[in-house]
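*Asks:* Numbering-wise (full-length UniProt numbering), the sequence shown opens with residue 1 and increments by one.
Quick reminder that beta carbons are idealized off the backbone N, C-alpha and C, glycines included.
Predicted, not measured: the structure shown is a model, and the values here were computed from it.
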Amino acid sequence: MIGVMEVRDALREGPRDVDQLSRLLGAPKALLEAMLERLVALGKVERAEPPAAACGSCRGCVEARGCAAPMYRLSAQRLIVSCL
1 MIGVMEVRDA LREGPRDVDQ LSRLLGAPKA LLEAMLERLV ALGKVERAEP
51 PAAACGSCRG CVEARGCAAP MYRLSAQRLI VSCL
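Shown next, in the form of structure tokens:
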């Protein structure tokens, strides 16, 4: 079973959504969602804006569902503290 340290390490490489984390870590999405929400509540992780669609509009994109997926990243405050 994975822990929050593995989730944190995966987010060090950059923002990811739950589907990406699930594939990378081999963990159920429900477990990852619960861990991410807890990390958000603790201020360790924050929601990130998904990247803009290449076409400029999600309405015309075949990947529209993926664009709306919430992304998560390590919190900016956490990154500043760890650099000191």
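Throw me the rounded Cβ distance for the Val40 and Leu21 pair, which I believe falls under 8 Å.
*Replies:* Wrong, their Cβ atoms sit about 14 Å apart, outside the cutoff.
*Asks:* Note the first and the last residue of the continuous alpha helix (DSSP H) segment covering Met5.
*Replies:* Taken as a continuous stretch (DSSP letters only), the alpha helix (DSSP H) holding Met5 covers Val4 to Arg12.
*Asks:* If you reduce the DSSP assignment to three classes, tell me which class Glu46 lands in.
*Replies:* Correct three-state label for Glu46: strand.
*Asks:* Please work out which residues of its chain come closer than 8 Å, Cβ to Cβ, to Ala69, disregarding the five sequence neighbours upstream and downstream, and give them in chain order.
*Replies:* Asp17, Val18, Asp19 and Pro50.
*Asks:* In the DSSP assignment, find the alpha helix (DSSP H) that holds Met35 and state where it starts and stops.
*Replies:* Taken as a continuous stretch (DSSP letters only), the alpha helix (DSSP H) holding Met35 covers Lys29 to Ala41.
*Asks:* Among Leu36, Ser75 and Ala76, which one has its Cα closest to the Cα of Val4?
*Replies:* With distances taken between Cα atoms, Val4 lies closest to Leu36.
*Asks:* Just to confirm, is the Cβ distance from Glu46 to Arg73 under 9 Å?
*Replies:* Against a cut-off of 9 Å, the Cβ pair of Arg73 and Glu46 comes out as a contact.
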